[in-house]
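A.B. asks: Each residue of the sequence shown is one higher than the one before, counting from 25 in the working numbering.
Think of the CB as a built atom: it goes at the ideal place given N, C-alpha and C, for glycine as much as any other residue.
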Amino acid sequence: MQWSMSDNWINSRLGGWLSLLLGEGTTALPGDISVTSGPPGPDGGPASQAGRAKQGINLHLLSIAPHAQATARVEHRIESQLVLRYLVTSWAEQQDAAEALLCMLAFHLLGRGASGPDGRTEIIVEATPPPFEVLAALGLPPRPALMLRLPLVHIEVTEPARRVAHPPIVRVEPSVTLRGTVLGPDELPIMAAQVELPAFGRVTETDVAGQFCLTGVPASLADQTIRVRARGVERTFRLPAEGDGGDWTLRMSFEEEG
């Protein structure tokens, strides 16, 4: 059964379909057969007695769980599935009539009626009856009842990917090698200092002469930041706006910055 958030909740649709199904060719149980939903009362009918018919079927939704194939993508749509489990009881003025009504519903669903209200969703009658613990939790005495499983499908239509109208344009940016020297106090070179160009994810270390080399960086380095870490201190340097690579001298200060 397909369902969307704009529809009425499934109980009303399922109840209307079952009511039509039970009304076809019913001669053993004359009179209107009502289909209600909600917690059942002690006699198997709806707990609310107001305005209810003399006989009918009551559906009580017990659980909602993902289907074994919860989600499938088909072309331009996503199908998500849940499994609804219902406790089904019946009521009538005579107990044997209520039991016959429940059997009649089971026969319909085991036959052609199992295709569901949309003509394709199978409504499954579980072979195992509801446990007595379920009935006791609802305050019901032991009584005949059915368990139904209904796969519920929600379809979400997705927009197809747009076609590429034009071939991609590839621009080749020239690259340069950025070289420099890191100096400390008294113009002494600093060895093993970490030099990083954060904007491009490039990092290297200085050699014994304090020199570093970053290859394959974009030619335009205008106003970029270089980060240097040495002796537990981190400093940042900004390249001149007119910079385009070349050799740079970075002077590290190990005094606390004010």
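Could you spell out where the alpha helix (DSSP H) holding I34 opens and where it closes?
C.D. replies: Here residue 34 refers to the residue found at position 10 when the sequence shown is read from its first residue. It spans 34–47 - the alpha helix (DSSP H) in which I34 sits, taken as one unbroken run.
A.B. asks: So, for V219: in the same chain, excluding its five sequence neighbours on each side, which residues have a beta-carbon less than 6 Å away from its beta-carbon?
C.D. replies: Numbered from 1 along the sequence shown, position 195 holds the residue referred to as residue 219. Its chain contains T228, F236, V252 as the residues whose beta carbon lies nearer than 6 Å to that of V219, once the 5 sequence neighbours on both sides are disregarded; these appear in chain order.
A.B. asks: Determine, using beta carbons only, whether L133 and I81 come nearer to each other than 7 Å.
C.D. replies: For the purposes of this step, residue 133 is taken as the residue at position 109 of the sequence shown. For the purposes of this step, residue 81 is taken as the residue at position 57 of the sequence shown. Contact flag unset, no.
A.B. asks: Using a Cβ-Cβ distance under 7 Å, would A121 count as near chain B?
C.D. replies: The chain labelled as chain B is not found in the depicted structure, where only one protein chain is given.
A.B. asks: Which complete beta strand (DSSP E) runs does the region 228–278 hold, if anything under 3 residues is left out?
C.D. replies: 235–242, 249–254, 257–262, 270–275
A.B. asks: In this structure, what does DSSP give as the bridge partners for H84?
C.D. replies: As a working mapping, residue 84 is identified with position 60 in the sequence shown. BP columns for H84 point to L111.
A.B. asks: Do you know offhand how far L202's Cα is from L238's?
C.D. replies: For the purposes of this step, residue 202 is taken as the residue at position 178 of the sequence shown. For the purposes of this step, residue 238 is taken as the residue at position 214 of the sequence shown. If you take the alpha carbons of L202 and L238, they lie about 5 Å apart.
A.B. asks: Between the region 166–177 and the region 99–108, do three or more beta carbon pairs fall short of 8 Å?
C.D. replies: yes
A.B. asks: I'd like to know whether the C-beta atoms of S114 and G68 end up nearer to each other than 7 Å.
C.D. replies: As a first step, residue 114 is located in the sequence shown; it is residue number 90 there, counting from the start. As a first step, residue 68 is located in the sequence shown; it is residue number 44 there, counting from the start. Yes, they are a contact pair.
A.B. asks: I'd like the ranges of any alpha helix (DSSP H) spanning at least 4 consecutive residues and lying wholly in the region 147–225.
C.D. replies: Fully enclosed alpha helix (DSSP H) runs of 4 or longer: 156–161.
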